[in-house]
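**Q**
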Ligand SMILES: Nc1ncnc2c1ncn2[C@@H]1O[C@H](COP(=O)(O)OP(=O)(O)OP(=O)(O)O)[C@@H](O)[C@H]1O
Ligand SMILES: [Mg+2]
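Residue numbers (the working numbering), protein chains in the order written: chain A, 495 to 756; chain B, 2 to 253.
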């Protein structure tokens, strides 16, 4: 019985949770959302640039995109965050003063863009070559055909993988605690962790964990919903594409995108 | 483009020709000197075995592929120095697998080129799209996605999409080969209508019945050259080469 009540005290100390709650809501939640959303937006934009460069006919675009992707997908997130956050802090000091927050966002964006770039690239590649050919046959240039016809279809196909990446990013944003944030900059994890250190039990951290679940679990349902809709959509396509099916690379490439995932 | 103002059903086909066109993919010499002439407002059918270069030839005519040597002419003028994107607005193409844009409605498949390339307003483009859909009998499908249509309907939408750009030449690459047999007739009828309406058509087909009844000229291609050409009667009844006789005995 003693063990049970100790465990209960460790994880479900209601007083400790109540003490930490205001800060989790007022400081931790906004900071986690800002970190994740900003780097998701930057990562998506840069990822699209990487994807297009990676598919370019010019090796001078393809090659840098490849190297960038290999580096930031290959390094542990913690290493990237420390290298950028600490390594670039003298530069940051010149620009925005002693504030590690922007560098944290930068590091997260670099990581996210490498993964998102690969997701977009596989999506775009999975679009049947006949689509670009048809657009060009109408009189569109190659770039216009990519922009108006191929890329929109490619993005649609990888939406589930993209949302998965956003979920990973929300969790990964907790790693910026390495950079020694100011009290007002602390994210959910850091506030939970600090409170846990103060009270000597993990209840506040557990509460912080619940906040993460509150964001990520609905997102996983979004993924499933999109997945279902795409699959229904594809079934509608089925009638049209009986002949295309053996050559339609959508399925394997999607699998590849998922595989590229942490 | 001078034809922009023309009503949707008016077609003003122009002559199209190639001269001694060569094209290789790496070491694969696919077109080995193709010369052909399609007079304005006439239909030429291209027949020949698989791999003989028929699709490649069509793609050279609208410059989806650039020939290694030789010339492509519209109205007796070389188009190889022109902007290829401009040229493709004058030369419509219909593919074996339709290649409709699955993420857009039938109507938006047609309006995309009109608004983006022809500079039509949204309303003008929709009006034009509906007129073209009327022509192929599919106005009632304007709001659906192509994926919900039968193959035959999709191919007719693809024809409408190409015609909406008011081309002066139409290329068909085995437009009915991917269709279930019962759907072939409707698409061939649409193509025959177009031919009798004054369009210049270059049609790669395995439908010998269509070639016989609609074509003004039939070309038999084999291994990258035009082996025989002439009226349907001469080609089908009076084959001179062994290669054509062998081909005909297999397909007829
Ligand atoms: N993009 C390409 N890259 C490399 N080789 C190609 C390409 N397109 C066609 N070929 C080759 O060119 C040759 C002719 O192909 P093409 O598609 O023009 O033949 P086809 O007469 O249309 O045959 P089918 O009746 O099977 O459609 C084939 O050997 C093919 O492998
Ligand atoms: Mg072919």
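Think of the CB as a built atom: it goes at the ideal place given N, C-alpha and C, for glycine as much as any other residue.
#1: Using only the heavy atoms of ligand 2, determine whether one of them is closer than 7 Å to the beta carbon of residue 627 (chain A).
#2: Along the alpha helix (DSSP H) that carries residue 500 (chain A), what are the first and last residues, could you check?
#3: Per DSSP, residue 229 (chain B) forms a beta bridge with which residues?
#4: May I ask you to report which of helix, strand or coil DSSP gives residue 648 (chain A)?
#5: Just by C-beta distance, which residues in the stretch 44-67 of chain B are closer than 8 Å to chain A?
#6: Check whether the Cβ atoms of residue 49 (chain B) and residue 248 (chain B) sit closer than 8 Å, and answer yes or no.
#7: Residues in the same chain with beta-carbon distance under 6 Å from residue 673 (chain A), minus the five sequence neighbours each way, listed in chain order, please.
#8: Which residues, in chain order, sit with a beta-carbon under 5 Å away from any heavy atom of ligand 1?
#9: Hey, is residue 174 (chain B) close to ligand 2, as in C-beta under 7 Å from one of its heavy atoms?
#10: Residues of chain A with a CB under 8 Å from the CB of residue 281 (chain B): which are they?
#11: Please specify which runs of the alpha helix (DSSP H), each continuous and at least 4 residues long, are wholly inside the stretch 93-147 of chain B, giving them in chain order.
#12: Mapping the DSSP letters down to three states, classify residue 80 (chain B) as helix, strand or coil.
#13: Under 7 Å, CB to CB, which of the residues in the stretch 677-704 of chain A have a partner in chain B?
#14: Return the Cβ separation of residue 103 (chain B) and residue 647 (chain A) in integer angstroms, given the expectation that the two are a contact with Cβ distance under 8 Å.
#15: Which residues does DSSP list as the beta-bridge partners of residue 48 (chain B)?
#16: Consult DSSP for residue 203 (chain B) and reduce its assignment to one of helix, strand or coil.
#17: Between the Cα of residue 225 (chain B) and the Cα atoms of B:13, B:246, B:68, which residue gives the shortest distance?
#18: Using CA coordinates, which residue listed in B:57, B:163, B:84, B:82 is at the minimum distance from residue 108 (chain B)?
#19: Look at the alpha carbon of residue 525 (chain A) and the alpha carbon of residue 710 (chain A), and state the distance between them as a whole number of angstroms.
#20: For residue 462 (chain A), return the contacting residues in chain B, with the cut-off set at a CB-CB distance below 7 Å.
#21: Would a check of beta-carbon distances place residue 533 (chain A) closer than 8 Å to chain B?
#22: Is it right to say residue 667 (chain A) is buried, meaning 16 or more other beta carbons lie within 10 angstroms of its own, or is it exposed?
#23: So that I know if they touch, is there some Cβ in chain A lying closer than 8 Å to that of residue 37 (chain B)?
#24: With a cut-off of 8 Å, does the C-beta of residue 734 (chain A) fall near any C-beta of chain B?
#25: Within the continuous alpha helix (DSSP H) that includes residue 674 (chain A), where are the two ends?
#26: Could you tell me the distance, in whole angstroms, from the CA atom of residue 564 (chain A) to the CA atom of residue 71 (chain B)?
#27: Do residue 686 (chain A) and residue 662 (chain A) have their CB atoms nearer than 8 Å?
#28: Report the rounded CA-to-CA distance for residue 25 (chain B) versus residue 130 (chain B), giving the unit in angstroms.
#29: Which whole-angstrom value describes the C-beta separation of residue 450 (chain A) and residue 649 (chain A), a residue pair presumed to lie in contact below a C-beta threshold of 8 Å?
#30: Would you please verify whether the beta carbon of residue 129 (chain B) is less than 8 Å from any beta carbon of chain A?
#31: Using only alpha-carbon positions, find the residue among B:149, B:210, B:241, B:215 that is nearest to residue 43 (chain B).
#32: Quick one: what does DSSP say residue 19 (chain B) is sitting in, helix, strand or coil?
#33: If we count Cβ pairs, one from each stretch, closer than 8 Å, do we get three or more for the stretch 570-586 of chain A versus the stretch 524-539 of chain A?
#34: Assuming residue 689 (chain A) is part of the beta strand (DSSP E), what are its boundary residues?
#35: Would you decide whether residue 219 (chain B) is buried or exposed? Buried here means 16 or more other CB atoms lie within 10 Å of its CB.
#36: How is residue 621 (chain A) classed by DSSP in three states: helix, strand or coil?
**A** In brief:
#1: Counting from one through the first chain, the residue named residue 627 (chain A) turns up at place 133. No, the beta carbon of residue 627 (chain A) sits no closer than 7 Å to any heavy atom of ligand 2.
#2: Start at 1 with the first residue of the first chain, and residue 500 (chain A) comes out as number 6. Segment 496-505, the alpha helix (DSSP H) holding residue 500 (chain A).
#3: Sequence index remark: in the second chain, residue 229 (chain B) carries index 228 (1-based). According to DSSP, residue 229 (chain B) bridges with B:221.
#4: On the first chain, position 154 is the one that residue 648 (chain A) refers to. In this structure, residue 648 (chain A) counts as helix in the three-state DSSP scheme.
#5: 63, 65
#6: Mapped onto the second chain, residue 49 (chain B) falls at position 48. Mapped onto the second chain, residue 248 (chain B) falls at position 247. Against a cut-off of 8 Å, the Cβ pair of residue 248 (chain B) and residue 49 (chain B) comes out as a contact.
#7: Indexing the first chain from 1 puts residue 673 (chain A) at position 179. 579, 594, 598, listed in sequence order.
#8: B:26, B:31, B:51, B:52, B:53, B:54, B:55, B:56, B:57
#9: Position 173 of the second chain holds residue 174 (chain B). Yes; taking the cut-off as 7 Å, the Cβ of residue 174 (chain B) has a heavy atom of ligand 2 nearer than that.
#10: Outside the displayed span of chain B (2 to 253) sits residue 281 (chain B), for which this structure offers no information.
#11: 107-117, 123-136
#12: Within the second chain, residue 80 (chain B) is the residue found at index 79, counting from 1. In the structure shown, the three-state DSSP call for residue 80 (chain B) is coil.
#13: Using a CB distance below 7 Å, no part of the stretch 677-704 of chain A faces chain B.
#14: On the second chain, residue 103 (chain B) is found 102 positions in, with the first residue counted as 1. On the first chain, residue 647 (chain A) is found 153 positions in, with the first residue counted as 1. Right, their Cβ atoms sit about 7 Å apart.
#15: Within the second chain, numbered from 1, the residue matching residue 48 (chain B) stands at position 47. According to DSSP, which records beta bridges pairwise, residue 48 (chain B) is partnered with B:221.
#16: Here residue 203 (chain B) refers to the residue found at position 202 of the second chain. Three-state DSSP puts residue 203 (chain B) in a strand.
#17: The count along the second chain starts at 1 and reaches residue 225 (chain B) at position 224. Selected option, being the one with the closest Cα: B:68.
#18: The count along the second chain starts at 1 and reaches residue 108 (chain B) at position 107. Comparing Cα-Cα distances from residue 108 (chain B) to each of B:57, B:163, B:84, B:82, the minimum goes to B:163.
#19: As a working note, residue 525 (chain A) is residue 31 in the first chain. As a working note, residue 710 (chain A) is residue 216 in the first chain. Approximately 16 Å, taken between the alpha carbons.
#20: The shown model of chain A, from 495 to 756, leaves out residue 462 (chain A), and the question about it has no answer.
#21: By one-based count along the first chain, residue 533 (chain A) stands at place 39. No - not a single Cβ of chain B is within 8 Å of the one on residue 533 (chain A).
#22: Counting from 1 along the first chain, the entry for residue 667 (chain A) is found at position 173. It counts as buried.
#23: For this step, residue 37 (chain B) is matched to residue 36 along the second chain. No - not a single Cβ of chain A is within 8 Å of the one on residue 37 (chain B).
#24: Translated into positions along the first chain, residue 734 (chain A) becomes position 240. A caution first: residue 734 (chain A) carries a pLDDT of 36, below 50, which makes its placement in the model too unreliable to give a value.
#25: On the first chain, position 180 is the one that residue 674 (chain A) refers to. Secondary structure note for residue 674 (chain A): it is in no alpha helix (DSSP H), with a DSSP letter that is neither H nor E.
#26: Within the first chain, residue 564 (chain A) is the residue found at index 70, counting from 1. Within the second chain, residue 71 (chain B) is the residue found at index 70, counting from 1. About 45 Å.
#27: By one-based count along the first chain, residue 686 (chain A) stands at place 192. By one-based count along the first chain, residue 662 (chain A) stands at place 168. No, these two residues do not count as a Cβ contact at 8 Å.
#28: In the second chain, counting from the first residue as 1, residue 25 (chain B) sits at position 24. In the second chain, counting from the first residue as 1, residue 130 (chain B) sits at position 129. Straight-line Cα distance between these residues: approximately 38 Å.
#29: Outside the shown range of chain A, which is 495 to 756, sits residue 450 (chain A), and nothing can be said about it.
#30: For the purposes of this step, residue 129 (chain B) is identified with residue 128 of the second chain, where counting begins at 1. So, not an interface residue.
#31: Working through the second chain from its first residue, we reach residue 43 (chain B) at position 42. If we check each option's Cα against that of residue 43 (chain B), B:215 comes out closest.
#32: Translated into the one-based positions of the second chain, residue 19 (chain B) becomes position 18. Note: residue 19 (chain B) maps to strand in three-state DSSP.
#33: Verdict: no, contact absent.
#34: By one-based count along the first chain, residue 689 (chain A) stands at place 195. Residue 689 (chain A) -> not in any beta strand (DSSP E); alpha helix (DSSP H) instead, spanning 682-693.
#35: Stepping through the second chain from its first residue, residue 219 (chain B) is reached at position 218. Residue 219 (chain B) comes out buried.
#36: For this step, residue 621 (chain A) is matched to residue 127 along the first chain. Residue 621 (chain A): coil per DSSP, three-state reduction.
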